[in-house]
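Worksheet for the structure shown next.
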Amino acid sequence: MTPLPRHQSIFFLIMRRMRAPLILLISIMAISVLGLTLAPGVDADGNPAHLSFFHSLYFISYTATTIGFGEIPYAFSDQQRLWVILCIYMSVVGWAYTVGTVFALLADRNLQQAIRTQRFLRAVQRLREPFYLVCGYGETGRLICDALDRLGFRAVVVEQDDSKVGEIELHSYHADVPALSADARNPETLKFAGLTHPNCIGIIALTNDDGTNLAIAIAARLLAPKVPALCRAETQETAANMASFGTRHIINPFEKFSEYLALALHAPAAWNLLTWLTGLPGTTMQRERDPPHGEWILCGHGRFGRMLAHVMEQAAVPVTIIDRQAPSIPSTRWVQGDGTGAPALEAAGVRRAVGIVAGTSNDVDNLSIAVTARELNRGLFVILRQNHYANHALFEAFNYDVNVVPSQIIAHECLAILTTPLLVPFLEEMKRRDEAWCDRLLRRLTERFGWEVPAVWSERINLARAPALYRRLMKGVELQSLLRDPSNRDEPLACEVLYLHRDDDDHLLIPEPDTELRAGDELLLIGSPDARREFGLILSHEHALAYVLSGKDLPGGWIWERLSRRKPSDAASSCN
Amino acid sequence: MNLEKVIFGFFIVLAATLNFGFFVGDIDDPAHHDIYELFAAIVVSLIATVLKFGDRTQIGAVHLSTSLVADLQLLAAAMVWGYAAHISASGLTPEMVARVVSLSGGALFANVVSVVILIAETIMQRR
Chain R
1 MTPLPRHQSI FFLIMRRMRA PLILLISIMA ISVLGLTLAP GVDADGNPAH
51 LSFFHSLYFI SYTATTIGFG EIPYAFSDQQ RLWVILCIYM SVVGWAYTVG
101 TVFALLADRN LQQAIRTQRF LRAVQRLREP FYLVCGYGET GRLICDALDR
151 LGFRAVVVEQ DDSKVGEIEL HSYHADVPAL SADARNPETL KFAGLTHPNC
201 IGIIALTNDD GTNLAIAIAA RLLAPKVPAL CRAETQETAA NMASFGTRHI
251 INPFEKFSEY LALALHAPAA WNLLTWLTGL PGTTMQRERD PPHGEWILCG
301 HGRFGRMLAH VMEQAAVPVT IIDRQAPSIP STRWVQGDGT GAPALEAAGV
351 RRAVGIVAGT SNDVDNLSIA VTARELNRGL FVILRQNHYA NHALFEAFNY
401 DVNVVPSQII AHECLAILTT PLLVPFLEEM KRRDEAWCDR LLRRLTERFG
451 WEVPAVWSER INLARAPALY RRLMKGVELQ SLLRDPSNRD EPLACEVLYL
501 HRDDDDHLLI PEPDTELRAG DELLLIGSPD ARREFGLILS HEHALAYVLS
551 GKDLPGGWIW ERLSRRKPSD AASSCN
Chain F
1 MNLEKVIFGF FIVLAATLNF GFFVGDIDDP AHHDIYELFA AIVVSLIATV
51 LKFGDRTQIG AVHLSTSLVA DLQLLAAAMV WGYAAHISAS GLTPEMVARV
101 VSLSGGALFA NVVSVVILIA ETIMQRR
């Protein structure tokens with residue numbers, strides 16, 4: 001549902017709907033009061049008297065609101081009582097109607113939607129921190145929001161499905177995630193969701209409809225050209241179209257995975273390094289068995305299977321395809337069937353094969369293929385495609401070698417691009433290196449940091465990000481002298497520089513420890529989260545930097561200067 | 001012809017005429033100012049106000065504000081009358097009547113503005 005065109009109209013909507021009951025209420029009160037002033041009565045002395053407007057308004061007010069103080073100022077005559085009976089029933093009808101209208105109004109879907117939209121708008125306008133705009137809260141969207149939340153970024157969600165928006169409220173995020181249920185194809189919706197907000201630092205289009213993602217890419221390009229857009233595209237045409245609109249990052253889950261698989265097949269160390277570096281923060285990876293060389297079986301020749309077959313062909317891996325329809329590539333071997341039964345697998349030579357890819361779009365089929373194949377050949381290397389995150393438990397129970405979850409692939413990729421832009425060039429560079437180099441690096445890094453996904457971050461040496469270091473650069477600062485613990489400089493800081501990017505297009509992969517830093521350098525670091533905080537302190541804090549570089553504590557202020565001059569050793573040790 | 005417009009115009013003009021009826025006469029003579037007429041003016045003015053609820057146009061907003069002014073003035077007049085007739089020791093003196101009537105005179109002006117807007121709106125629509 002699209003937001004109302006004018007949001008100040010909620011108040012008017014209520015007023016307009018309350019018109020009829022209010023007029024009825026006023027009329028009933030007016031008639032009652034008027035009648036009571038006209039009805040003949042007698043006062044305490046028995047003289048004929050009429051109630052004044054003041055007294056009748058008083059009487060009707062407490063009678064109509066069911067308070068009932070009795071007959072004031074003196075006992076009523078029968079004529080007055082007759083009129084009061086009428087008044088009581090009229091006012092009951094009037095109040096019932098009014099209250100009924102108010103409740104109907106509050107339960108009105110349109111009004112609720114309008115109120116929710118307005119609350120969302122206000123929440124987005126009030127965001128004072130940088131935030132990402134996430135369109136589509138499916139499996140991938142949820143993973144991204146989770147990870148952004150854990151990394152301390154704010155997110156705003158636009159999702160078409162009402163029930164998924166409700167899910168966000170139930171999900172316990174640290175920070176509030178404003179969510180709107182609306183069609184993201186509408187540029188107005190994107191504007192409401194903060195696309196043109198000065199604090200919007202990225203838009204992520206993850207809906208499962210390519211057309212919608214394309215519309216978001218176009219809107220982002222035209223309405224907020226400076227905001228980087230990350231879009232999911234399932235077909236080549238959409239990807240090309242997005243690229244023509246200058247979309248910074250286009251992610252095709254199928255292509256991405258076949259790329260990863262190709263890496264896994266011919267460079268397992270690089271593949272392990274990649275999964276370790278791009279994993280979701282807080283998870284632990286394990287070194288997987290390297291895919292063996294030999295004959296492979298590929299079940300399912302859809303979009304995913306086709307790309308895999310292409311990749312395997314390029315890597316000169318012999319492949320047998322099992323599918324109901326003949327594949328478009330005539331040169332490959334093809335067995336008709338769906339792979340869930342033993343006959344088709346036998347025909348494809350499962351006993352000879354070294355590996356199998358269960359890549360159909362049905363999770364149950366994929367599991368069935370994997371189980372049957374393992375029964376026929378115990379040592380088979382199994383690559384499973386998991387389409388739905390909800391089937392996680394089933395897949396975990398099966399002892400697979402590689403599990404492919406498209407939503408996870410996209411989420412990892414998005415996060416890597418968004419949070420550490422330098423990671424992408426590093427990974428590209430890494431893929432170009434030989435296997436032995438990757439293996440050495442992986443072994444060294446995992447020995448030092450363990451298999452838990454490390455903190456990966458970038459630092460830029462400039463006045464804003466690293467004020468302390470920036471002022472020292474003239475004297476020459478070597479990388480190794482920086483990576484020291486700021487509380488004890490004899491201990492190395494638990495982090496490592498993987499990549500150094502210089503302004504003049506020069507870049508260093510794993511820079512040497514004696515590399516001298518220059519202004520404008522950008523570093524890609526990995527390490528423990530503590531090291532990340534401490535490194536930030538070294539870069540920005542004059543005293544921490546001085547201690548790390550020279551081992552001396554800078555005296556701060558006149559008194560401390562005096563004290564430190566008298567007891568230099570104490571001052572240094574008190575810091576530990 | 002639109003029934004809604006008829007009712008709308010009716011209430012606005014009726015509010016103005018009742019108000020005028022109460023207002024005319026010697027300002028401090030209770031015999032010239034009937035309290036029932038003030039009551040009718042208040043009720044009709046309140047209904048006219050509610051009828052103006054929910055109009056989002058600029059002219060609708062001015063309509064509503066003139067009506068709110070009229071309501072305020074008339075209710076103030078009614079309160080002064082109630083105070084004079086029931087609470088103050090001296091009762092409904094000529095000064096009190098003059099206060100009530102002058103307050104309703106203010107309301108009359110707001111009601112006239114309302115009628116002028118109504119006429120202007122009608123003329124604009126016919127063109």
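Residue numbers (UniProt numbering), protein chains in the order written: chain R, 1 to 576; chain F, 1 to 127.
In this text, a Cβ means the ideal position worked out from N, Cα and C, and glycines have one as well.
message: Strictly below 8 Å CB to CB, what residues from chain F border R:Ser32?
response: Under the 8 Å cutoff, chain F gives no residues; its nearest Cβ is about 11 Å from R:Ser32.
- request: Quick one: using the 10 Å Cβ neighbour count with 16 as the cut-off for buried, is residue 577 of chain R buried or exposed?
  value: The structure shown does not extend to residue 577 of chain R, since chain R is modelled only from 1 through 576, so no value can be given for it.
field: F:Ala85 versus R:Asp78: straight-line alpha-carbon distance, rounded
entry: 26 Å
message: Let me make sure I understand the geometry here. Which of R:Leu263, R:Ala270, R:Ile201, R:Thr283 has the alpha-carbon closest to that of R:Arg248?
response: R:Ile201
message: Need the endpoints of the beta strand (DSSP E) that R:Thr320 sits in, please.
response: 319-323
message: Closer than 7 Å between beta carbons: that is the criterion. Which residues of the region 89-109 of chain R meet it against chain F?
response: none
Other residues of its chain near F:Val112: CB distance less than 8 Å, five sequence neighbours each side excluded: Ala16
task: Check F:Glu37 in the structure and name its three-state DSSP category.
output: helix
task: Please report the Cβ distance between F:Val43 and R:Ala30, rounded to the nearest whole angstrom; I am assuming they are in contact, meaning their Cβ atoms lie under 8 Å.
output: 4 Å
query: Between R:Ala264 and R:Pro291, which are expected to be in contact by the criterion C-beta below 8 Å, what is the C-beta distance as a whole number of angstroms?
result: 6 Å
field: Ordered list of beta strand (DSSP E) runs contained in the region 431-476 of chain R, each at least 3 residues
entry: 455-460
task: Quick one: measure Cβ to Cβ for R:Gly302 and R:Ser361, integer angstroms, because I've assumed they're closer than 8 Å.
output: 6 Å
query: Looking at R:Phe53 and R:Thr37, is the spacing between their C-beta atoms short of 8 Å?
result: yes
Runs of beta strand (DSSP E) wholly within the region 200-236 of chain R (minimum 3 residues, chain order): 200-205, 229-232
task: Measure the alpha-carbon distance for R:Gly476 versus R:Gly551 and round it to whole angstroms.
output: 16 Å
message: With DSSP as the reference, identify every bridge partner of R:Cys87, one or two as the case may be.
response: None, per the DSSP bridge assignment.
- request: Go ahead and pull the three-state DSSP assignment for R:His412.
  value: helix
field: R:Pro529 - DSSP class collapsed to helix/strand/coil
entry: helix
- request: Count the CB pairs spanning the region 532-548 of chain R and the region 478-486 of chain R that are closer than 8 Å, and state whether there are at least three.
  value: yes
message: Could you compute how far the alpha carbon of R:Gly359 sits from the alpha carbon of R:Lys164?
response: 27 Å
- request: Mind listing the chain C neighbours of F:Gly82? Cutoff is C-beta to C-beta under 7 Å, in chain order.
  value: Protein chains in the displayed structure are R and F, and chain C is not among them.
- prompt: Between R:Leu190 and R:Thr140, is the Cβ-Cβ spacing less than 8 Å?
  reply: no
task: Pull up the CB-CB distance for R:Val311 and R:Leu274, whole angstroms please, since I reckon it's below 8 Å.
output: 16 Å between Cβ atoms; not a contact.
- request: Taking C-beta pairs closer than 7 Å, name the residues in chain R that F:Val43 reaches, listed in chain order.
  value: Ile26, Ala30
query: Name the DSSP bridge partner or partners of R:Gln336?
result: R:Asp323
- prompt: Does DSSP put R:Gly300 in a helix, in a strand, or in coil?
  reply: coil
query: Given that F:His86 touches chain R, what residues does it touch there, using C-beta distances under 9 Å?
result: Ser52, Phe54, His55
message: So F:Val101 and F:Phe39 are supposed to be a Cβ contact under 8 Å. How far apart are they, rounded?
response: That pair is no contact at about 15 Å.
task: Determine the direct distance from the alpha carbon of R:Ile28 to that of R:Pro21, and round the result to whole angstroms.
output: 10 Å
query: F:Phe10: buried (16+ other C-beta within 10 angstroms of its C-beta) or exposed?
result: exposed
message: Bridge partners for R:Val357 per DSSP, in chain order?
response: R:Leu298, R:Ile383
query: With C-beta atoms as the reference, is R:Gln386 less than 8 Å away from R:Asn399?
result: no
message: If we require 4 or more residues per run, which alpha helix (DSSP H) segments fall completely within the region 27-106 of chain R?
response: 53-64, 78-106
Cα-Cα separation between R:Pro513 and R:Leu500, rounded to whole angstroms: 12 Å
- prompt: What three-state label does DSSP hand R:Met18 in the structure shown?
  reply: coil
query: What number of angstroms, rounded off, separates the C-alpha of R:Val354 from the C-alpha of R:Gly279?
result: 27 Å
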